[in-house]
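By the working numbering, the letter at position 54 of the sequence shown is numbered 642, and the numbering carries on one by one without gaps. We put the CB at the ideal spot given by N, CA and C, even for glycine.
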Amino acid sequence: MQQPENPRFKDSSDDKSGFELILVRNHRWYTILELGVVIKNSTFDNYIVVDFETTGLAPGYRPVEIAWLEFDENFREIYSVESLINPQMPIEHGAEKVHGISDAMVKDAPTLDDFITVQHADKFRNSNVLVVAHNAKFDYPMFAPYCAQATQLCTMNLGRKFYPAAPSYKLGVLAKICGVQKVPTHRALDDVETSFALLQHFATANSLSINELIELEQAVDPNAVMPFGKHKGTKIVDLPKDYAIWLISTLDKDDWVVRQLRNTPDLYI
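If you want it as structure tokens, here you go:
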């Protein structure tokens with residue numbers, strides 16, 4: 589197969605989908621059929637990168653800070669907002685040490701509901717929104733209820749696709765690998781700006797549109813391996829079916845491993 593200069597979707601009369609995707613990953617070329625991608629022309633009313641800082645990680649945690657950045661389908665920033673949020677519960681000491689936000693700082697801040705529905709006039713209540721976040725399974729559930737319809741795109745998962753040998757997929761590590769000048773600080777706006785810069789890098793470095801990034805993030809990676817557990821290092825597509833069933837029933841439905849499993853035809857439950 590001839591390697592194009594710019595990996596892109598292209599017409600292919602041999603492919604029943606009408607398209608072929610060729611990507612460089614670990615010096616290997618993949619077709620769209622290998623990746624299990626289904627082409628969709630998704631149209632969103634808003635494209636949002638969001639980040640929350642929270643009271644902690646214990647069940648029932650609430651946001652103490654929010655920031656979002658809206659951009660267009662060509663990855664151009666439109667505007668950004670940030671605010672402290674009153675969680676109406678104490679902030680854990682460990683969380684305060686990470687983000688530096690104290691109970692006193694949020695005492696007079698709006699609640700999340702007031703900030704979005706009152707101060708921003710419930711902006712997304714009638715919108716189909718693409719919600720981008722780093723480790724989206726954490727931030728997405730706090731933001732999606734304010735949207736009429738929402739789709740998540742995780743820059744951490746994209747990092748796994750583009751840099752499978754990275755020592756970590758933390759925001760700061762990926763930003764350094766990609767040469768992104770923004771630096772995450774565990775404050776919401778800084779982390780949003782870093783995530784957006786990372787998204788822009790993934791798009792421009794690989795000549796991919798926003799819809800192509802969505803499809804790639806959801807696609808099955810034939811070389812993806814289990815990052816933990818008794819089958820650590822085993823290709824996800826080669827996992828025993830009973831173990832795959834157990835993972836799907838145990839892990840969060842938006843966990844990267846679960847999404848890989850659900851998109852693997854031989855393991856689909």
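Rounded C-alpha distance that separates residue i from residue j
i, j, result
"Asp727", "Pro647", "14 Å"
"Asp633", "Thr739", "11 Å"
"Tyr751", "Asp843", "18 Å"
"Val706", "Phe712", "12 Å"
"Glu670", "Pro678", "21 Å"
"Asp809", "Lys829", "17 Å"
"Leu672", "Pro729", "18 Å"
"Asp840", "Ala724", "12 Å"
"Ile704", "Val720", "17 Å"
"Ile824", "Thr838", "16 Å"
"Asp778", "Pro772", "5 Å"
"Leu801", "Val846", "19 Å"
"Ser668", "Ile636", "9 Å"
"Leu762", "Leu746", "10 Å"
"Leu796", "Arg664", "14 Å"
"Asn629", "Val813", "Residue placement at Asn629 cannot be trusted, given a pLDDT of 48 that sits under 50; what the coordinates show is reported in the next sentence. So the two alpha carbons sit approximately 29 Å from each other."
"Asn794", "Asn662", "14 Å"
"Asp639", "Trp834", "31 Å"
"Ala807", "Lys695", "43 Å"
"Arg748", "Tyr757", "7 Å"
"Phe790", "Leu759", "13 Å"
Whole-Å CB distance - residue i paired with residue j, under 8 Å assumed
i, j, result
"Lys770", "Glu781", "5 Å"
"Ala832", "Leu804", "Going by Cβ atoms, the distance from Ala832 to Leu804 rounds to 22 Å, so no, they are not a contact pair."
"Phe659", "Phe816", "That belief does not hold up - the Cβ atoms of Phe659 and Phe816 are roughly 33 Å apart, past 8 Å."
"Ile654", "Ala776", "6 Å"
"Gly682", "Gly644", "6 Å"
"Leu786", "Thr743", "5 Å"
Element boundaries [alpha helix (DSSP H), containing residue i]
i, result
"Gln848", "Trp844 to Arg850"
"Ser783", "Ala776 to Asn794"
"Thr699", "Note, Thr699: premise wrong, no alpha helix (DSSP H); not H, not E."
"Glu684", "His681 to His687"
"Gly760", "Leu759 to Ile765"
Start and end residues, beta strand (DSSP E) containing residue i
i, result
"Ala832", "Segment Lys829 to Thr838 is the alpha helix (DSSP H) holding Ala832; no beta strand (DSSP E) there."
"Thr739", "Gln737 to Cys742"
Where residue i falls: helix, strand or coil (DSSP)
i, result
"Ile802", "helix"
"Ile654", "strand"
"Lys823", "strand"
"Val637", "strand"
"Ala646", "coil"
"Ala716", "Residue identity check: residue 716 is Asn in the sequence provided, not Ala. Strand, per DSSP."
"Ala721", "strand"
"Thr706", "For clarity, residue 706 is Val in the given sequence; the question names Thr instead. Helix, per DSSP."
"Lys749", "helix"
"Lys841", "coil"
"Thr773", "coil"
"Pro733", "helix"
"Ala692", "helix"
DSSP bridge partner residues for residue i (one or two, in chain order)
i, result
"Leu672", "Glu653"
"Phe659", "Tyr635 and Glu665"
"Val808", "Its beta-bridge partners do not exist; DSSP assigns none."
"Val813", "Lys823"
Distance cut-off 7 Å: residue i Cβ against heavy atoms of the ligand NAD
i, result
"Asp778", "Only the bare structure without any ligand can be found here, which leaves the ligand NAD out of the picture."
C-beta neighbour in chain B for residue i, strict 8 Å
i, result
"Glu658", "Among the chains in the structure shown there is no chain B, since it carries only a single protein chain."
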